[in-house]
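Residues in the sequence shown are numbered from 1446 upward in steps of one, following this note's numbering. Note that the Cβ used here is the ideal one computed from N, Cα and C, for glycine as well. Below is one structure; the comments refer to it alone.
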Amino acid sequence: FSALFAAPLLGRIGDRVGIPKVLFGALLFTVLILLCSFFATNIYQLGALRFLLGFGEGALFPCIQSLLVKHSDKRIYGRLFGFNQSSIYIGNIVGPIIGSCVAMFFDFNLIFIVVATLSLAAGTHLFLAERRLRQLKSS
C-alpha cells in the first residue's frame, strides 16, 4: 500500500536528483528496515516495518525501469521489460519458497537477514556497474 504513494513521489525526486541516487538510497533504506524487522518482537512492529518497507520498494521499481531505458537500445525495450517483469514474478514465487525453507530449517527472523544481505549484495553490484558505466562514458 505504501509503495503506491512512494513510487510517483520518489520517481519525481529521481528525475530531479538522479535515478542512481534515489535507487541507492531506497536500497539502503530497504536494508535498514529489513534489519530492523529481524528485531521485531510482535506482529504490530512487523506490520509497521512492512509498511515502511513499501516506501523503499516503491522507489526501486520505477528507478530500475528508468535505468533500463537509460542504458539500453530502444529496439530491445520490449524484451528488457519482459525480462524485468518475468524476474519480478519469479521472485514472487521463488522468494517465499526459499524463505519458508530458511524459516523451517533455521529461524523465521533469519529470513530478514538473508534478504537484507542479498539486497546489499545487489546494491553493491549495481553501484559498481553504474560507476563503471560513468567511467566508460567519460573516457
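Exercise. Report buried or exposed for A1567, applying the criterion of at least 16 other Cβ atoms within 10 angstroms of its Cβ.
Key: If you number the sequence shown from 1, residue 1567 lands on position 122. So A1567 counts as exposed.
Q: Using the Cα positions of A1574 and A1471, report the straight-line distance between them to the nearest angstrom.
A: Walking along the sequence shown from the start, residue 1574 turns up at place 129. Walking along the sequence shown from the start, residue 1471 turns up at place 26. In a straight line, the C-alpha of A1574 is about 17 Å away from that of A1471.
Check your understanding: Which whole-angstrom value describes the C-beta separation of L1436 and I1542, a residue pair presumed to lie in contact below a C-beta threshold of 8 Å?
Key -> This structure cannot settle anything about residue 1436, because the visible part of the chain is limited to 1446 through 1584.
Distance, Cα to Cα, C1481 vs I1488?
If you number the sequence shown from 1, residue 1481 lands on position 36. If you number the sequence shown from 1, residue 1488 lands on position 43. Those two C-alpha atoms are separated by around 13 Å.
| request: Specify, as a first and last residue, the run of the alpha helix (DSSP H) that I1521 falls within. | output: Along the sequence shown, read from residue 1 onward, the residue named residue 1521 stands at position 76. Counting along the chain, I1521 falls outside any alpha helix (DSSP H), and DSSP gives it neither H nor E.
Notebook entry, point to check: What are the boundary residues of the alpha helix (DSSP H) that T1486 is part of?
Noted result: Working through the sequence shown from its first residue, we reach residue 1486 at position 41. It is not in any alpha helix (DSSP H) - T1486 carries neither H nor E in the DSSP assignment.
Report all residues from its chain with a CB closer than 8 Å to the CB of F1469; omit the five preceding and five following residues, and keep chain order.
Working through the sequence shown from its first residue, we reach residue 1469 at position 24. Closer than 8 Å at the Cβ level, and outside the excluded window around F1469, lie G1568, L1571, F1572.
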